[in-house]
DNA sequence: GCATGTATGTCGAAT
DNA sequence: ATTCGACGTACATGC
C-alpha cells in the first residue's frame, strides 16, 4: 500500500460525474489497485475513490497543465464499467509505502439473528397461548422468519427486523399472499416485529392488516439470561 | 491527519462486537478525532472505524500485555453512544503527519435530484400539454417525485430514478394505490421515468399499467443550458 | 432534531 | 453472474 499526502484535484466520471477542486488530501493506493481520496474529516467514506478491479496509468502532462502547476496525472480506470478517476497531482507533501499482506479479516458478532432466536424462545410475547410452528418456515420465495399459531390455532407469519422499514412490510406482504394460497395454512395473518418501526412502515403495515410488534432487545436478552441461569 | 502503518489488533464494541486479529494495517487518525483501520484490499470501507465525535485516550499497557508484545493501547470512544475501539499496537512500521485543513468538498452532477429538477422544468417530455402540479407531492407514505396533469387535466404521478429497478416500480405502485383513494385526485395514472430501465422493472411496470419513460440526461441538461442562454 | 429517501452505497449469501 | 437483504450503513434534505 502506498499512501501519499498531496495537493491534488480529482475528477470522477462514471455512474455520475464529480469533481474535487485543488486541495491537500490523502491518497491511498491499495495493493489490489483500488484508490481512495480522503480529506481530514468526514466519515469513513472517502471523498472520491475507485474500487478494484482497476488500473493506474500515468498520463502525460500537457504544457498547459504543467504551467498551471500540475506535476503528474494519474488515471485510475475500470475498463469494464467505464468508471475513471483523473487525479491531478500538484505537489507531493509526503508519502509512505508498506507491504501489508492479506488481512485475516474481521470477526463479527451480530444482533440481528439473535432477535429472531429470542422471539422464537419467547413467543408468548406475541400473545398468550401462542405456539411456535417453526423458525425459517419455507415458502417458494424464501423463508418466513417465524411461523406460529395463536391461541385459536390460526397461523401467523412473523417477519423479524432490527429496524422495521417499508421494504420489510413488502417482504411480509409477499409471504402472506403466497401462504394464503395454501388451503392447509389459510387464513394466515401477519406480524411485523422489530426493535424500531418507522412511522411510514407502520402505516403501510396496518393498512394491510398486518400487526406491528415492538421488540425490546435488552429485555428479551435479559429474560434469556435469567432462563440460562435457571438451567 | 496522522497516518500510521502498524501491527495491531482491534476490538470494536458498540452496536455489535467485532474483532481484528493482530496483523499489519494502516491506521488513519483524522483531525476531527475519527479513526479508520484499513487493510491492503477490500473496498473504500475500513475494516473497522470510529466516527466523529470521539476521543482518543492512551491506556496503560498491563505487564501481561507488554509480555505479549503490545507496546501501546489506544482507546477511541464516543461517550454518548458507548461505542469504543480498542487498538492494540504491537509495532509501528512507519508514520506520517500532515495538516490538510478544511476540504472544499465534492461537486456532484447527475444525481436523481438533478434529474427530477430537469424533468420538472421540461415536463412536456411526458407529453404535449402536460403541466407540473408540484415536485415532492406529499402522501402519508412519502412524497411522490413529481405530480403533473396531462393535457386532459388528469393527474399523473411520476417516479424518477437514475436506474429504474423493481423496487422503484413497487414504490410508485404504493403511491398510486394511496393516491387513487383520494376522490379529489383519482384517477391517477403513473409514469416510471429513468435514465435506464431494467427489463424486469419495465415488464412489471407495464403489467400494472404504468408507463415507462426513458430520460436522456445529456439532452435534458443540454436543453436546460439552451434555455438558460435564451433568458 | 427527527424522519425519510438516496447512494459511484458496500457486502455477503442464496439463487 | 445476478438478485436480494442487511448495514456499526452514511448522507442530504424536508419538516
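Residue numbers (the working numbering), protein chains in the order written: chain A, 808 to 1038; chain B, 808 to 1038.
A virtual CB, placed ideally from N, CA and C, is assigned to each residue, including glycine.
**Item:** C-beta contact flag for residue 861 of chain B and residue 885 of chain B at 7 Å
**Value:** Indexing the second chain from 1 puts residue 861 of chain B at position 54. Indexing the second chain from 1 puts residue 885 of chain B at position 78. Yes, they are a contact pair.
**Message:** Using a Cβ-Cβ cutoff of 8 Å, what residues of the stretch 984-995 of chain A are near chain B? List them in chain order.
**Reply:** The stretch 984-995 of chain A vs chain B, Cβ under 8 Å: nothing.
**Asked** Alpha carbon to alpha carbon, what distance is there between residue 1010 of chain B and residue 866 of chain A?
**Response** Here residue 866 of chain A refers to the residue found at position 59 when the first chain is read from its first residue. Here residue 1010 of chain B refers to the residue found at position 203 when the second chain is read from its first residue. As the crow flies, the alpha-carbon of residue 866 of chain A is around 45 Å from that of residue 1010 of chain B.
**Prompt:** Cβ atoms of residue 877 of chain A and residue 863 of chain A: under 7 Å apart, would you say?
**Reply:** To locate residue 863 of chain A, count along the first chain from 1; it is residue 56. To locate residue 877 of chain A, count along the first chain from 1; it is residue 70. Contact annotation: residue 863 of chain A and residue 877 of chain A have beta-carbon atoms that are not nearer than 7 Å.
**the ligand FMN heavy atom lying under 6 Å from the CB of residue 998 of chain A** = Absence of the ligand FMN from the depicted structure is noted, as is the absence of any ligand whatsoever, leaving it without description.
**Asked** In whole angstroms, what is the alpha-carbon distance linking residue 1022 of chain B and residue 957 of chain B?
**Response** Stepping through the second chain from its first residue, residue 1022 of chain B is reached at position 215. Stepping through the second chain from its first residue, residue 957 of chain B is reached at position 150. If I take the Cα positions, the gap works out to 18 Å.
**Message:** I'd like to check one pair, residue 855 of chain B with residue 823 of chain B: are the Cβ atoms closer than 7 Å?
**Reply:** In the second chain, the residue the question calls residue 823 of chain B occupies position 16. In the second chain, the residue the question calls residue 855 of chain B occupies position 48. Against a cut-off of 7 Å, the Cβ pair of residue 855 of chain B and residue 823 of chain B comes out as no contact.
**Prompt:** Count the other CB atoms within 10 Å of the CB of residue 988 of chain A; is the residue buried (16 or more) or exposed (fewer)?
**Reply:** Locating residue 988 of chain A in the first chain gives position 181, counting from the first residue. Within a 10 Å sphere around the beta-carbon of residue 988 of chain A sit fewer than 16 other beta-carbons, which makes this residue exposed.
**Message:** For a contact defined as C-beta to C-beta under 9 Å, what are the partners of residue 856 of chain A on chain B?
**Reply:** As a first step, residue 856 of chain A is located in the first chain; it is residue number 49 there, counting from the start. Residues of chain B with a Cβ closer than 9 Å to the Cβ of residue 856 of chain A are, in chain order, 850, 851.
**Request:** Just grab the DSSP bridge partners of residue 879 of chain B for me.
**Result:** As a first step, residue 879 of chain B must be located in the second chain, where it is residue number 72. B:896, per the DSSP bridge assignment.
**Asked** Would you report the Cα separation of residue 934 of chain A and residue 944 of chain B, rounded to the nearest angstrom?
**Response** Counting from one through the first chain, the residue named residue 934 of chain A turns up at place 127. Counting from one through the second chain, the residue named residue 944 of chain B turns up at place 137. Residue 934 of chain A and residue 944 of chain B have their C-alpha atoms spaced approximately 39 Å apart.
**Item:** Any chain B beta carbon closer than 7 Å to residue 793 of chain A
**Value:** The displayed coordinates of chain A run from 808 to 1038. Any statement about residue 793 of chain A would go beyond what the structure contains.
**Item:** Outcome for residue 911 of chain B when other beta-carbon atoms lying within 10 angstroms are tallied against a minimum of 16
**Value:** For the purposes of this step, residue 911 of chain B is taken as residue 104 along the second chain, with counting starting at 1. In summary, residue 911 of chain B is exposed, with fewer than 16 beta-carbon neighbours lying within 10 Å of its beta-carbon over all protein chains present.
**Asked** According to the Cβ coordinates, are residue 858 of chain B and residue 850 of chain A closer than 7 Å?
**Response** The sequence position of residue 858 of chain B within the second chain is 51, counting from 1. The sequence position of residue 850 of chain A within the first chain is 43, counting from 1. When the beta-carbon positions are compared, residue 858 of chain B and residue 850 of chain A come within less than 7 Å of each other.
**Request:** Check residue 869 of chain A in the structure and name its three-state DSSP category.
**Result:** For this step, residue 869 of chain A is matched to residue 62 along the first chain. The three-state secondary structure of residue 869 of chain A, taken from DSSP, is coil.
**Request:** Assess, as a yes-or-no matter, whether the stretch 995-1012 of chain B is touched by the stretch 967-986 of chain B under the definition of 3 or more beta carbon pairs within less than 8 Å.
**Result:** In short, these stretches touch, since the Cβ pair count reaches three.
**Prompt:** Whole-angstrom Cβ separation of residue 812 of chain A and residue 905 of chain B, contact assumed at under 8 Å?
**Reply:** Along the first chain, read from residue 1 onward, the residue named residue 812 of chain A stands at position 5. Along the second chain, read from residue 1 onward, the residue named residue 905 of chain B stands at position 98. Here residue 812 of chain A really is in contact with residue 905 of chain B; their C-beta atoms are around 4 Å apart, less than 8 Å.
**Prompt:** How is residue 1026 of chain A classed by DSSP in three states: helix, strand or coil?
**Reply:** The sequence position of residue 1026 of chain A within the first chain is 219, counting from 1. Reduced to three states, the DSSP call for residue 1026 of chain A is helix.
**Item:** N-terminal and C-terminal residue of the alpha helix (DSSP H) that residue 1017 of chain B is part of
**Value:** Residue 1017 of chain B sits at position 210 when you count from the first residue of the second chain. Run containing residue 1017 of chain B: none; DSSP gives neither H nor E here.
**Message:** Looking at chain B, is there any beta carbon in it that lies within less than 7 Å of the beta carbon of residue 1005 of chain A?
**Reply:** Here residue 1005 of chain A corresponds to residue number 198 of the first chain, with the count starting at 1. With 7 Å as the cut-off, residue 1005 of chain A does not count as an interface residue toward chain B.
**Asked** Using DSSP with H/G/I as helix, E/B as strand and the rest coil, what is residue 1036 of chain A?
**Response** For this step, residue 1036 of chain A is matched to residue 229 along the first chain. With a pLDDT of 35 at residue 1036 of chain A, under the threshold of 50, the predicted position of this residue should be treated as unreliable, and no value is reported.
**Prompt:** Based on the DSSP output, what are the partners of residue 815 of chain B in its beta bridges?
**Reply:** Taking the second chain and counting its residues from 1, the one referred to as residue 815 of chain B is at position 8. BP columns for residue 815 of chain B point to B:830, B:896.
**Request:** Throw me the rounded Cβ distance for the residue 939 of chain A and residue 951 of chain A pair, which I believe falls under 8 Å.
**Result:** As a position in the first chain, residue 939 of chain A is number 132, starting the count at 1. As a position in the first chain, residue 951 of chain A is number 144, starting the count at 1. Not a contact, Cβ separation roughly 12 Å.
**Asked** With respect to the beta strand (DSSP E) encompassing residue 1002 of chain A, which residues constitute its N-terminal and C-terminal limits?
**Response** Here the question's residue 1002 of chain A lines up with position 195 in the first chain. According to the DSSP assignment, residue 1002 of chain A belongs to the beta strand (DSSP E) that extends over 995-1004.
**Message:** Measuring alpha carbon to alpha carbon, tell me which residue in A:1007, A:1016, A:814 is nearest residue 909 of chain B.
**Reply:** Position 102 of the second chain holds residue 909 of chain B. For the set A:1007, A:1016, A:814, the Cα lying nearest the Cα of residue 909 of chain B is the one of A:814.
**Message:** Any beta carbon from chain A within less than 7 Å of residue 874 of chain B's own beta carbon?
**Reply:** Here residue 874 of chain B refers to the residue found at position 67 of the second chain. By this cut-off, residue 874 of chain B is not an interface position.
**chain A residues whose Cβ lies nearer than 8 Å to that of residue 948 of chain B** = If you number the second chain from 1, residue 948 of chain B lands on position 141. Neighbours of residue 948 of chain B on chain A, chain order: 973, 1007, 1010, 1011.
**Prompt:** When you compare only the Cα positions, how much space is there between residue 871 of chain A and residue 900 of chain A?
**Reply:** For the purposes of this step, residue 871 of chain A is taken as the residue at position 64 of the first chain. For the purposes of this step, residue 900 of chain A is taken as the residue at position 93 of the first chain. Computed Cα separation, rounded: 23 Å.
**Message:** Please identify, using Cβ separations under 7 Å, the residues of the stretch 819-832 of chain A that lie next to chain B, in order along the chain.
**Reply:** Cβ contacts with chain B: 823, 824, 825, 826, 827, 828, 830, 831, 832.
**Message:** Please report whether the beta-carbon of residue 905 of chain B lies at a distance below 7 Å from any beta-carbon of chain A.
**Reply:** To locate residue 905 of chain B, count along the second chain from 1; it is residue 98. For residue 905 of chain B, the nearest CB of chain A lies under 7 Å from its own CB, placing it at the interface with that chain.
**Asked** Using a beta-carbon distance below 7 Å, is residue 954 of chain B in contact with chain A?
**Response** Counted from its first residue, the second chain places residue 954 of chain B at position 147. Judged by the 7 Å Cβ criterion, residue 954 of chain B is not in contact with chain A.
**Request:** Indicate the three-state DSSP secondary structure (helix, strand or coil) for residue 822 of chain B in the structure shown.
**Result:** As a working note, residue 822 of chain B is residue 15 in the second chain. It is coil, neither helix nor strand.
**Prompt:** In whole angstroms, what is the alpha-carbon distance linking residue 879 of chain B and residue 839 of chain A?
**Reply:** In the second chain, counting from the first residue as 1, residue 879 of chain B sits at position 72. In the first chain, counting from the first residue as 1, residue 839 of chain A sits at position 32. Taken atom to atom, the span from the alpha-carbon of residue 879 of chain B to that of residue 839 of chain A is near 30 Å.
**Asked** From what residue to what residue does the alpha helix (DSSP H) around residue 985 of chain B run?
**Response** As a working mapping, residue 985 of chain B is identified with position 178 in the second chain. Here the alpha helix (DSSP H) through residue 985 of chain B covers 973-986.
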